[in-house]
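Sequential numbering from 1 applies to the sequence shown in the UniProt record's numbering.
Note that CB positions come from ideal geometry on N, CA and C, so glycine has one too.
One structure below.
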Amino acid sequence: MNHDNEYLPKVYRSVYHRARLNVLFSASWMGEFIRRFMEKYDITGQQYNILRIIHRNQGNHLSVLQLREQMFEKMSDTSRLVDRLIAKGLVGKRKSTVDRRLVEIYLTTQGEDLLTKILAGIEVLDLPLKGLTEEEAEILSNLLVKMRRHESN
Numbered sequence: 001m002n003h004d005n006e007y008l009p010k011v012y013r014s015v016y017h018r019a020r021l022n023v024l025f026s027a028s029w030m031g032e033f034i035r036r037f038m039e040k041y042d043i044t045g046q047q048y049n050i051l052r053i054i055h056r057n058q059g060n061h062l063s064v065l066q067l068r069e070q071m072f073e074k075m076s077d078t079s080r081l082v083d084r085l086i087a088k089g090l091v092g093k094r095k096s097t098v099d100r101r102l103v104e105i106y107l108t109t110q111g112e113d114l115l116t117k118i119l120a121g122i123e124v125l126d127l128p129l130k131g132l133t134e135e136e137a138e139i140l141s142n143l144l145v146k147m148r149r150h151e152s153n
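In structure tokens form, the structure reads like this:
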């Protein structure tokens, strides 16, 4: 994806219109960058997010519902994503030892190994932001948080 603004309009209705389009364009651009990185490991960004959450919650009894609540993108098809990871041998399911009605999700050894490989090269995902100073990256991050907080009011 071309990362300049050649596909964006040259005239905007307002500064908010321009900002909105730039946020959408940048999110799509960053998403494509992440997709290409994850493709090398034969998983999607959503599947990586699941592996990361399970790893972070090791030792806790994590159900699919709890997993969904912690995902960046709250999706109704979390169960299908987990099933795909099971088919790849990266995660497994077992009856909860705490509540036999629940099914827990856990990382397999293969899943742990893949996550270790991904994390070893994950800093590559910072490259699109390296055109900013650390101060600018902090400002950008704070502005995006502010934007999301305003939406929830």
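In the structure shown, the three-state DSSP call for Glu104 is strand. When DSSP states are grouped into helix, strand and coil, Arg68 belongs to the helix group. Under DSSP, Gly92 takes part in a beta bridge, and its partners are Tyr106. Take Gln110, set aside five residues on each side of it, and the residues of its chain with a beta-carbon closer than 7 Å to its own are Gly89, Leu90, in chain order. The C-beta distance from Gly45 to Ile34 rounds to 5 Å, short enough to meet the 8 Å contact threshold. A contact between stretches requires three or more CB pairs, one per stretch, nearer than 8 Å, and the stretch 73-80 fails this requirement with the stretch 98-109. One thing to note: Val82 has its Cβ within 7 Å of the Cβ of Val64. The C-beta separation of Thr78 from Gly92 comes to about 16 Å, leaving the pair out of contact by the 8 Å criterion.
With contacts defined as CB atoms closer than 7 Å, Ile139 and Tyr41 fail to qualify as a contacting pair.
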